[in-house]
Amino acid sequence: MEEEGKTSESGAKNSEEIPDVRAFNDEFTRSFLKTKEETRPGYYLFVSGTDAYKMDFPRCGVIGERGYAKKDDSYEGYLIGVAEKGFESSIKINYYSSNKEGNENIDLEMLNSQFNNLTFEKISLQDRNLFLASFEESDGIYGYVGYIQNEIKNGGIQIIYETECMIPNKCTETKNEQREKIIKWFKSIKFIQKESN
């Protein structure tokens, strides 16, 4: 068992020095957070359990331990629940190490089958391509469906980011701001390019 105040190999320091935010208050989530310093306001450095990618993790987010699945370094899937100022969000992430560049259409079709008529926009980023489509459901839930393909070697990430405004009279005015925030988060996801043995 880990002693109080010691640093775990997989997470930030476990002591009173850690930020008093939802992400660090959850022990399982904290094990993925690599530093107590913010990457940008409200976000901390997250490294996946497969060590395949990193991203900005929201301070109000928690990873559901029961729903977390990992098979060696070939697959990782989990759900992040985010509760913040007037919004509740759910982020579903699935990483596949075998996904190859050029086969993105397979993943986009799989994601599209869960929604109606998504139109993906391709965004070229350093060492990766992001395919992003927005959606809006009749019950007020909206968000983005994304797929990120590693351009250097195999590896792809499927993501569904759903959000719901909890303050009805302010939803319209904050929706565009929330959408911009979600897109910025998608762009924070980067593959960790490890040397092959």
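Mapping of the sequence shown onto full-length UniProt numbering: residues 1 to 197, in sequence order.
Glycine included, C-beta positions come from ideal geometry on N, C-alpha and C.
{"Check": "Continuous beta strand (DSSP E) assignments of at least 3 residues falling wholly in the stretch 87 to 118", "Outcome": "87 to 96"}
{"Check": "Ile189 beta carbon less than 9 angstroms from that of Leu130", "Outcome": "yes"}
{"Check": "Sub-9 angstroms separation of Ile93 and Val82 beta-carbons", "Outcome": "no"}
{"Check": "Exposure label - Ile192; buried when at least 16 CB within 10 Å", "Outcome": "exposed"}
{"Check": "Cβ-based burial, Asp139 [other Cβ within 10 Å; buried from 16]", "Outcome": "exposed"}
{"Check": "Endpoints, alpha helix (DSSP H) assigned at Gln178", "Outcome": "171 to 187"}
{"Check": "Cβ pair count under 8 angstroms reaching 3, the stretch 98 to 107 against the stretch 154 to 169", "Outcome": "yes"}
{"Check": "Contacting residues, own chain, Cβ-Cβ under 8 angstroms from Ala23 (five flanking each side not counted)", "Outcome": "Thr29, Arg30, Leu33, Tyr44, Phe57, Pro58, Arg59, Cys60, Gly61, Val62"}
{"Check": "Chain D contact for Lys184 (CB, 9 angstroms cutoff)", "Outcome": "No chain D is present in this structure, which holds just one protein chain."}
{"Check": "Segment limits, beta strand (DSSP E) that includes Glu37", "Outcome": "33 to 40"}
{"Check": "Which residues DSSP lists as bridging Tyr75, in chain order", "Outcome": "Lys71, Tyr96"}
{"Check": "First through last residue of the beta strand (DSSP E) which encompasses Asn129", "Outcome": "128 to 136"}
{"Check": "Residues that Phe191 bridges to, as DSSP identifies them", "Outcome": "Tyr53"}
{"Check": "Strand pairing of Phe46, partner residues [DSSP]", "Outcome": "Leu33, Met55"}
{"Check": "Burial state of Leu132 (16 or more Cβ within 10 Å)", "Outcome": "buried"}
{"Check": "Nearest neighbour of Tyr75, chosen from Glu88, Ser48, Gly64 [CA to CA]", "Outcome": "Ser48"}
{"Check": "Simplified DSSP assignment, three categories, for Asn150", "Outcome": "strand"}
{"Check": "Beta-ladder partner(s) of Gly81, from DSSP", "Outcome": "Val62, Ser90"}
{"Check": "Cβ contact check for the stretch 141 to 148 and the stretch 160 to 168: 3 or more pairs under 8 angstroms", "Outcome": "yes"}
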